[in-house]
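A.B. asks: Position one of the sequence shown corresponds to residue 625 (this note's numbering), numbered consecutively onward.
Glycine is no exception: its CB is placed at the ideal position from the N, C-alpha and C atoms.
If you're wondering where the values come from, they're calculated on a predicted model, not measured in any experiment.
Handing you a structure now.
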Amino acid sequence: MRHHIISLILLLATLQCFAQKDAKAREILDALASAYGKSAGTEIVFGGTVDGTIGLKGEKFVLECAGVKSWFDGKTLWSYIEDSEEVNISTPTSEELQSINPYAMLGIYKTGFNYSYAGTENVNGTTCRKVVLTPEKKQEIKEIAIAVDNRMRPVYIKIKNNSGETQGFTVKGYKNVNLTDSYFKFNPKNYPGVEIIDLR
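Shown next as structure tokens:
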């Protein structure tokens, strides 16, 4: 009898694991990441909670929105705050990167996240497939929803945190460009006179 109970528990745990790592959702996320990964660089114009632009290549990004411009070269983050004319330098955690960069999910889903397919949705006349990601361990982010078009491009991303706040980002423009590694590093020559604060 005890053996049957253990077998049942193992079966339920296995089924729960499959439910949390939905195969169709993984297929969409893999295709999205593959299309993005083949590019020498991507520039996206977005709107929604805030308007802005982001340049991406691998883990690297340059994000400009709400009076702040951030450069991340894969290790170091420079954040230029226009109002105070200062640049903060830090080494961010993966969780901090998720909160800064709405497109960080293009790679983070592979570890630390469950994902499920949520059907199709019409977004501004485009039929999209929707995937929902939830962190395996409790963190600031509660849920990430992404809608992808048939060219494997993100159409919108919604991020919900544990306090109930939701940020939504809708893609207004998307193009593949060649971005060099130096593009993702802050160049002080372009910002003379700014105060540089090293928080590392």
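Nearest-angstrom Cα distance between residue 812 and residue 724?
C.D. replies: So the alpha carbons of these two residues sit roughly 22 Å apart.
A.B. asks: On the criterion of 16 or more Cβ atoms from any shown chain inside 10 Å, does residue 680 qualify as buried, or is it exposed?
C.D. replies: Flag for residue 680 reads buried.
A.B. asks: Which whole runs of the alpha helix (DSSP H) in the region 766-807 are 4 residues long or more, in chain order?
C.D. replies: Qualifying alpha helix (DSSP H) stretches: none in this window.
A.B. asks: So, does the region 802-809 touch the region 768-778, judging by three or more C-beta pairs under 8 Å?
C.D. replies: The region 802-809 is not in contact with the region 768-778.
A.B. asks: Report yes or no: do three or more beta-carbon pairs, one from the region 673-688 and one from the region 756-763, lie closer than 8 Å?
C.D. replies: Counting Cβ pairs under 8 Å, fewer than three are found: no touch.
A.B. asks: Taking all protein chains shown into account, do 16 or more other C-beta atoms lie within 10 angstroms of the C-beta of residue 647, making it buried, or fewer, making it exposed?
C.D. replies: Label assigned to residue 647: exposed.
A.B. asks: Quick check: residue 819 and residue 709, are their CB atoms within less than 8 Å of each other?
C.D. replies: Their beta carbons are under 8 Å apart, which means residue 819 touches residue 709 by this criterion.
A.B. asks: With respect to the beta strand (DSSP E) encompassing residue 749, which residues constitute its N-terminal and C-terminal limits?
C.D. replies: No beta strand (DSSP E) holds residue 749; DSSP gives it neither H nor E.
A.B. asks: Of the residues 660, 707 and 685, which one's Cα is nearest the Cα of residue 700?
C.D. replies: Considering only alpha carbons, the answer is 685.
A.B. asks: Are the CB atoms of residue 652 and residue 755 within a distance shorter than 8 Å?
C.D. replies: Going by C-beta atoms, residue 755 is nearer than 8 Å to residue 652.
A.B. asks: Give the DSSP-derived three-state secondary structure of residue 661 in the structure shown.
C.D. replies: Here residue 661 sits in helix by DSSP.
A.B. asks: Kindly indicate the opening and closing residues of the beta strand (DSSP E) around residue 687.
C.D. replies: Element bounds for residue 687: 684-689.
A.B. asks: Does residue 664 get closer than 8 Å to chain C when you measure Cβ to Cβ?
C.D. replies: Included in the structure is just one protein chain, with no chain C present.
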